[in-house]
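This report refers to the structure that appears directly beneath it.
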Amino acid sequence: MAKPVSIEVWNPSGKYRVVSTKPMPGTRWINLLIEQDCRVEICTQKKTILSVEDIIALIGDKCDGVIGQLTEDWGETLFSALSRAGGKAFSNMAVGYNNVDVDAANKYGVAVGNTPGVLTETTAELAASLSLSAARRIVEADEFMRAGLYDGWLPNLFVGNLLKGQTVGVIGAGRIGSAYARMMVEGFKMNLIYYDLYQATRLEKFVTAYGQFLKANGEQPVTWKRASSMEEVLREADVISLHPILDKTTYHLVNKNSLAIMKKEAVLVNCSRGPVIDEVALVEHLKQNPMFRVGLDVFEDEPYMKPGLADLKNAVVVPHIASASKWTREGMATLAALNVLGKIKGYPVWSNPNQVEPFLNENAPPPAASPSIVNSKALGLPVSRL
Ligand code: DGY
Numbered sequence: 007m008a009k010p011v012s013i014e015v016w017n018p019s020g021k022y023r024v025v026s027t028k029p030m031p032g033t034r035w036i037n038l039l040i041e042q043d044c045r046v047e048i049c050t051q052k053k054t055i056l057s058v059e060d061i062i063a064l065i066g067d068k069c070d071g072v073i074g075q076l077t078e079d080w081g082e083t084l085f086s087a088l089s090r091a092g093g094k095a096f097s098n099m100a101v102g103y104n105n106v107d108v109d110a111a112n113k114y115g116v117a118v119g120n121t122p123g124v125l126t127e128t129t130a131e132l133a134a135s136l137s138l139s140a141a142r143r144i145v146e147a148d149e150f151m152r153a154g155l156y157d158g159w160l161p162n163l164f165v166g167n168l169l170k171g172q173t174v175g176v177i178g179a180g181r182i183g184s185a186y187a188r189m190m191v192e193g194f195k196m197n198l199i200y201y202d203l204y205q206a207t208r209l210e211k212f213v214t215a216y217g218q219f220l221k222a223n224g225e226q227p228v229t230w231k232r233a234s235s236m237e238e239v240l241r242e243a244d245v246i247s248l249h250p251i252l253d254k255t256t257y258h259l260v261n262k263n264s265l266a267i268m269k270k271e272a273v274l275v276n277c278s279r280g281p282v283i284d285e286v287a288l289v290e291h292l293k294q295n296p297m298f299r300v301g302l303d304v305f306e307d308e309p310y311m312k313p314g315l316a317d318l319k320n321a322v323v324v325p326h327i328a329s330a331s332k333w334t335r336e337g338m339a340t341l342a343a344l345n346v347l348g349k350i351k352g353y354p355v356w357s358n359p360n361q362v363e364p365f366l367n368e369n370a371p372p373p374a375a376s377p378s379i380v381n382s383k384a385l386g387l388p389v390s391r392l
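Structure follows, in structure tokens:
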């Protein structure tokens with residue numbers, strides 16, 4: 007028998023019971039649910055990762071929908087518990103949903119929401135920050151200062167890599183990968199090489215136009231190339247950022263063999279999912295190649311790091327904060343709440359989950375739709391015509 011978990015209740019007399027497994031930023035998401043007759047229960051348990059048993063206790067006997075987190079294991083057990091409690095909606099407060107067994111949700115007729123369209127720039131900005139931090143050795147230098155070791159300017163002190171004129175490699179040029187590529191090309195005048203199954207036409211046009219602009223101003227133009235394999239990117243790029251989704255085709259995409267073909271002084275950044283990199287192989291590679299640097303937001307066994315990683319000066323590590331800007335996190339909370347609310351109220355699904363601005367406008371009521379339901383086709387849900 008699971009122990010009861012502590013909760014905070016908003017609008018106790020609301021008709022629909024919506025549970026959030028974590029407190030989320032902002033209050034708009036709570037207000038939007040309350041205005042539509044929901045009783046909102048927020049788990050306040052001081053435990054970072056809730057177990058399946060904890061969540062079953064939160065769902066209880068009657069629950070219309072749950073807003074959950076990417077650290078939770080949403081599979082058969084939880085979807086059957088939610089369905090037994092009368093629930094028809096779940097939303098991850100994340101764009102990624104590799105923690106969710108969508109087939110299990112389909113089996114129980116539960117809609118699964120996610121939050122695209124609101125974290126693109128924020129995540130790309132963190133990837134850019136990690137690229138710079140690693141290339142210019144910011145964390146090492148910061149630790150050196152704080153340790154009181156700086157006793158004067160030296161020609162060889164914390165020498166890193168100049169980005170201008172180097173090549174940035176992007177693996178997975180979807181929304182976030184493309185936004186990152188633009189930042190690095192425009193901000194640092196880097197040339198682009200990318201690998202994606204789909205052609206990133208808008209990105210290519212942007213780099214072409216920017217190259218022409220630079221040339222017209224007497225500067226070296228930037229260039230782009232669509233690689234025919236991931237290996238081509240790994241071999242040619244100086245800074246490589248990984249932006250694929252995690253599935254069995256991308257598990258350990260970067261491994262001992264792929265690391266071996268990268269430049270010895272390359273920078274590798276990962277803000278996608280930890281298991282895309284074989285972290286044990288990475289630790290070994292970093293030890294053998296002190297000029298090779300990484301910036302990691304995600305880890306193979308989150309929240310843990312593989313042994314040895316924390317001791318390496320050529321690794322910059324941050325705790326999965328790529329989407330952690332106030333605007334984005336409040337927006338994610340809003341989208342997750344509206345995904346659940348939309349299904350409860352029988353609203354259609356928004357036709358373009360990447361164009362979610364109308365849901366984020368605080369000065370107008372949101373559209374009567376669920377912003378993004380990943381299994382809408384499987385469940386045969388109607389699509390909004392708005
Ligand atoms: C996501 O939304 O998938 C991100 O990893 C959260 O930061």
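Read in order, the letters of the sequence shown are residues 7 to 392 in this note's numbering.
No residue lacks a Cβ here, since even glycine has one placed at the ideal position from N, Cα and C.
Quiz item: Can you list, in chain order, the residues of its chain whose CB lies under 6 angstroms from that of Leu240, leaving out five sequence neighbours each side?
Solution: Ser264, Ile267 and Met268
Quiz item: Thinking just about the alpha-carbon of each residue, which of Glu146, Trp356, Gly71 and Val106 is nearest to the one in Ser89?
Solution: Gly71
Quiz item: Where does Asn276 fall in DSSP's three states?
Solution: strand
Quiz item: Contact check, Gly119 vs Ser278 under 8 angstroms by CB: the rounded distance?
Solution: About 20 angstroms separates the two Cβ atoms, so there is no contact after all.
Quiz item: When you compare each of Thr27, Pro161 and Met297 to Leu76 by their alpha carbons, which one comes out closest?
Solution: Thr27
Quiz item: Does the Cβ of Gly123 have 16 or more other Cβ atoms within 10 Å, making it buried, or fewer, making it exposed?
Solution: buried
Self-check item: Proximity to Leu132 [Cα-Cα], best of Pro359, Ala328 and Met151
Solution: Ala328
Quiz item: Candidates Gly166, Ala110 and Ala384: which alpha carbon is nearest Ala272's?
Solution: Gly166
Exercise. Can you check DSSP and say which residues form a bridge with Arg208?
Key: Answer is none; Arg208 lacks a bridge partner.
Exercise. Please name the residue, chosen from Phe298, Glu192 and Asp253, that lies closest to Gly280 on a Cα-to-Cα basis.
Key: Asp253
Quiz item: Would DSSP call Ser97 helix, strand or coil?
Solution: strand
Quiz item: For Pro10, which residues from the same chain have a beta carbon less than 7 angstroms from its beta carbon, with the 5 sequence-adjacent residues on both sides left out?
Solution: Ala63
Exercise. Tell me whether the beta-carbon of Lys349 lies closer than 9 angstroms to the beta-carbon of Lys94.
Key: yes
Quiz item: Touching or not, the stretch 101–111 and the stretch 51–60, by the rule of three or more beta carbon pairs under 8 angstroms?
Solution: no
Self-check item: Spatially closest choice to Ala179 from Tyr204, Asp157 and Thr173, by CA coordinates
Solution: Tyr204
Quiz item: What first and last residue would you give for the alpha helix (DSSP H) that runs through Trp35?
Solution: Arg34 to Glu41
Self-check item: Check whether Leu385 and Ala117 have beta carbons under 9 angstroms apart
Solution: yes
Practice problem: State buried or exposed for Val106, treating a residue as buried only when at least 16 other CB atoms are found within 10 Å of its CB. | Solution: buried
Exercise. Report buried or exposed for Phe85, applying the criterion of at least 16 other Cβ atoms within 10 angstroms of its Cβ.
Key: buried
Exercise. Taking only runs that begin and end inside the stretch 230–303, name each unbroken beta strand (DSSP E) of 3 or more residues, in chain order.
Key: 230–232, 245–248, 273–276 and 299–302
Quiz item: Taking just the CA atoms, how far does Lys53 sit from Lys113?
Solution: 30 angstroms
Quiz item: With distances taken between CB atoms, is the gap from Val25 to Glu41 smaller than 9 angstroms?
Solution: no
Quiz prompt | For Asn261 and Ser97, believed in contact at Cβ under 8 angstroms, the rounded distance | solution = 33 angstroms between Cβ atoms; not a contact.
Quiz item: For Leu220, which residues of its own chain have a beta-carbon under 8 angstroms away from its beta-carbon, when the five flanking residues on both sides are left out?
Solution: Lys195, Gln226, Pro227 and Val228
Quiz item: Would you call Met297 buried or exposed, if buried means 16 or more other Cβ atoms sit within 10 Å of its Cβ?
Solution: exposed
Quiz item: Per DSSP, which one or two residues make a beta bridge with Cys44?
Solution: Tyr22
Exercise. Report yes if the C-beta of Thr129 is less than 8 angstroms from at least one heavy atom of the ligand DGY; otherwise report no.
Key: yes
Quiz item: Which of helix, strand or coil does DSSP assign to Ser139?
Solution: helix
Quiz item: Where does Ala374 sit, in a helix, a strand or coil, going by DSSP?
Solution: coil
Quiz item: Does the separation of the CB atoms of Trp35 and Ala343 fall below 9 angstroms?
Solution: yes
Quiz item: How many whole angstroms separate the CB atoms of Ala375 and Val355, which I take to be in contact at a CB cut-off of 8 angstroms?
Solution: 6 angstroms
Exercise. Give the straight-line distance between the Cα atoms of Ser12 and Ala91, rounded to the nearest whole angstrom.
Key: 19 angstroms
Quiz prompt | Per-residue DSSP class, three states only, for Asn120 | solution = coil
Quiz item: Going by other Cβ atoms of all chains shown within 10 Å of its Cβ, with 16 needed for buried, is Glu306 buried or exposed?
Solution: buried
Quiz item: Taking 8 angstroms as the cut-off, is the CB of Ala342 close to at least one heavy atom of the ligand DGY?
Solution: no
Quiz item: Is Met338 near the ligand DGY, in the sense that its beta carbon is under 8 angstroms from a heavy atom of that ligand?
Solution: yes
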